[in-house]
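Asks: The structure's right below; bear with me while I get my questions together.
In the working numbering, the protein residues as written are 259 to 904.
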């Protein structure tokens, strides 16, 4: 069933055309994403569909029985009620029904009604119908649903009585999202719902939206989130909208194929156009060939030539370099406690950062990730513990709040005042690479949008040429195109990275290590975000298995009594078996070590390296050998732990 149809939609602001001939369709239970650059018209299109903005021409068809719910990008609840009472306003009709049920129950308990069979029958009939309607509308579960969604949005029972006026802007946005999810519209329209959400909340939201019973139309710059949730992507670009089937990664693949095809067609057409123009120029003035030239000029004028696939959309273009290399040891943190004089946030933090590490710092909101970065760059003092910096380490810090960019200076002077020896032309050239051109360089810093401030901060970061970048949410305010360019620049960066990000796609592309921060310490995982999730789940499962084994062993001890002799005998028998198994595993690991060395030496051989098929076969065998080695290693560790317990 179609819940939304947009046909030939046009929208202009004065002389600027924003949307042209837009076609879009959403069916029941579709998960649709709108993607595109900042300013492409995504939010405008959502507002038009939600009925909050007019359009010039076209039609929007939404069936009468379809309820539409819309969350704006910077929406937040403004109410004098408490969190719980505000959520309950959604269910006013159900609560009135509930009160009516209680009243009918009191009537049925009244002896005078009970004794009159006619009145009692009417009351019972009304009660049965109302109870059925109440149950069918979710009357017996709306409070449980409310608690579940509030918990997912990080609001717990202790928060329920808090007045909404006391919440921060980010909390109010999360509460607005929770309220919209509770109302369960048939078409859920979300504009950047992942803002202000930590990774744990994002994961919960992904799971909730996957199972949502209605259709979803969403704008988000979180590519990991889009990959998990959506099955159709509409790209808004140069006033047009194009449809791609699949998640965000599938859209990227298809877009790349289309671009390559269109570029070839464009180049062929431009060659043909150039030949026509050359022929006309050479032959128009000659009497013998002028008719032929005029004929081809008509062809040239009537032909609908392709626009360049690159269009007039500009992309930032930058990279990060270093002035000098640091030592191998970049940063050492021991038993660090962070926070403020009146408030401790996290303690027992230990970390080692080596040259060319790419470390992602993750953890729930409020655990102290930004505080730790500010402590490392000396914007905050340590409470206790030790931070040591390596030889020749030069730190540059990217602040997610852009606190150091609030000034009345022009964009040009923001850079020129820090690098006064550079030519104005060179400063303008650098700003141009970050999409500041023409009159943009005369704008005051305070008047810039979030995305413009982010690009200006990245320009300053590039010019500093430091060998250790500390980045706090560097992808905030950047559109998808700018995020991709930043990722590529950081992948090629020859220095060391320590960053905080809620963008899991970004973490997967950049990170070689993940450090999870909690209120009681830090834990390091050697891999990207997906590896971190896998290992964390594995450790949790092992802990659960050990706890279950301990409980089972305790129950067995309480229900069965063995003689001391039998216990000792069984233990010794088990010990001998474990030691034999360990010896076998160590032999297998030694054999695999030799194989791995041989495979790695073969891959370094130029004769092998030049043979693609041979290299691929050896690489496959090497991967299998490493996986086997890791399996044996895990078994070896578990057996040694058991041996120590025996």
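Glycine included, each C-beta is placed from N, C-alpha and C at the ideal position.
Where residue 676 and residue 689 are concerned, what is the direct C-alpha to C-alpha distance, given to the nearest angstrom?
Replies: Their backbone Cα atoms lie some 14 angstroms apart in a straight line.
Asks: Between 582, 598, 696 and 715, which has its C-alpha nearest residue 649's C-alpha?
Replies: Out of 582, 598, 696 and 715, 582 has the C-alpha closest to the C-alpha of residue 649.
Asks: Check the C-beta distance from residue 755 over to residue 727 and give it rounded, since I have them as a contact under 8 angstroms.
Replies: Contact holds; Cβ gap of about 5 angstroms.
Asks: Look up residue 279 in the DSSP assignment and say whether it is helix, strand or coil.
Replies: Correct three-state label for residue 279: strand.
Asks: Where does residue 797 land, buried or exposed, given buried means 16+ other C-beta within 10 angstroms?
Replies: So residue 797 counts as exposed.
Asks: For the region 775-856, which segments carrying the beta strand (DSSP E) assignment without a break, of at least 3 residues, lie completely within its bounds, in sequence order?
Replies: The region 775-856 contains these whole beta strand (DSSP E) runs: 779-783.
Asks: Just to confirm the assignment: which complete beta strand (DSSP E) runs, minimum length 3, are found wholly within the region 622-673?
Replies: Here the runs fully enclosed are 642-647 and 653-656.
Asks: Find the nearest neighbour of residue 338 within the set 288, 419 and 380, judged by alpha-carbon distance.
Replies: Minimum Cα distance to residue 338 is reached at 419.
Asks: Can the beta-carbon of residue 708 be found less than 7 angstroms from the beta-carbon of residue 735?
Replies: Going by C-beta atoms, residue 708 is nearer than 7 angstroms to residue 735.
Asks: Could you tell me the alpha carbon to alpha carbon distance between residue 784 and residue 328, rounded to whole angstroms?
Replies: Near 41 angstroms, if we compare the C-alpha coordinates of residue 328 and residue 784.
Asks: Going straight from the alpha carbon of residue 607 to that of residue 847, what length do you get?
Replies: About 34 angstroms.
Asks: Do residue 491 and residue 293 have their C-beta atoms closer together than 7 angstroms?
Replies: In contact: residue 491 and residue 293 (Cβ atoms closer than 7 angstroms).
Asks: When the Cβ atoms of the region 446-453 are set against those of the region 477-486, are three or more pairs found closer than 8 angstroms?
Replies: Enough Cβ pairs lie closer than 8 angstroms, so yes.
Asks: Just grab the DSSP bridge partners of residue 585 for me.
Replies: In DSSP, residue 585 forms no bridge with anything.
Asks: Tell me which residues share the same chain as residue 775 and place their Cβ nearer than 8 angstroms to its Cβ, disregarding the 5 neighbours each side in the sequence.
Replies: Within the same chain, residue 775 has close Cβ partners 604, 607, 619, 620, 621, 625, 626, 627 and 630.
Asks: Where residue 459 and residue 761 are concerned, what is the direct C-alpha to C-alpha distance, given to the nearest angstrom?
Replies: In a straight line, the C-alpha of residue 459 is about 13 angstroms away from that of residue 761.
Asks: Just curious, the alpha helix (DSSP H) that residue 714 is in, first and last residue?
Replies: From DSSP, the alpha helix (DSSP H) with residue 714 extends over 708-722.
Asks: Below 8 angstroms, can you find three or more Cβ-Cβ pairs linking the region 740-747 to the region 573-588?
Replies: Touching, yes.
Asks: Of the choices 495, 466, 506 and 376, whose alpha-carbon is the least far from that of residue 484?
Replies: The shortest C-alpha separation from residue 484 is found at 506.
Asks: Is residue 550 helix, strand or coil when you go by DSSP?
Replies: Reduced to three states, the DSSP call for residue 550 is helix.
Asks: Quick one, are the C-beta atoms of residue 883 and residue 845 less than 7 angstroms apart?
Replies: Not a contact, by the Cβ cut-off of 7 angstroms.
Asks: Figure out for me which residue from 433, 358 and 498 has the closest Cα to the Cα of residue 295.
Replies: Residue 295 has its Cα closest to that of 498, out of 433, 358 and 498.
Asks: Would you tell me roughly how many angstroms separate the C-alpha atoms of residue 468 and residue 489, rounded to the nearest one?
Replies: C-alpha separation (whole angstroms): 10 angstroms.
Asks: Identify whether residue 415 lies in helix, strand or coil by the three-state DSSP scheme.
Replies: Residue state, collapsed to three classes: helix.
Asks: Using only CA atoms, which one of 407, 414 and 668 lies nearest to residue 434?
Replies: Comparing Cα positions, the closest option is 407.
Asks: If you run the structure through DSSP and keep just helix, strand and coil, what is residue 764?
Replies: Helix.
Asks: Where does the unbroken beta strand (DSSP E) through residue 431 begin, and where does it stop?
Replies: Here residue 431 belongs to no beta strand (DSSP E); instead the alpha helix (DSSP H) covers 427-441.
Asks: Checking 7 angstroms against the spacing of the C-beta atoms, do residue 474 and residue 325 come in under that value?
Replies: No, the pair does not count as a contact, with Cβ atoms beyond the cut-off.
Asks: Terminal residues of the continuous beta strand (DSSP E) containing residue 309?
Replies: Premise fails: residue 309 is in no beta strand (DSSP E) and is neither H nor E.
Asks: For residue 579, write down the residues that DSSP places opposite it in a beta bridge.
Replies: Its beta-bridge partners do not exist; DSSP assigns none.
Asks: Please go through the region 498-553 and give each complete alpha helix (DSSP H) segment of 4 or more residues, from N-terminal end onward.
Replies: You should have 506-541.
Asks: Please name the residue, chosen from 518, 493 and 636, that lies closest to residue 509 on a Cα-to-Cα basis.
Replies: The candidate whose alpha carbon is nearest that of residue 509 is 493.
Asks: Can you give me the start and stop residues for the beta strand (DSSP E) that residue 271 sits inside?
Replies: Element bounds for residue 271: 260-271.
Asks: Would residue 404 be called buried (16 or more neighbouring beta carbons within 10 Å of its own) or exposed?
Replies: Per the 10 Å Cβ criterion, buried.
Asks: Would you call residue 633 buried or exposed, if buried means 16 or more other Cβ atoms sit within 10 Å of its Cβ?
Replies: Buried.
Asks: What three-state label does DSSP hand residue 324 in the structure shown?
Replies: Looking at residue 324 - three-state DSSP - the assignment turns out to be coil, as it is neither helix nor strand.
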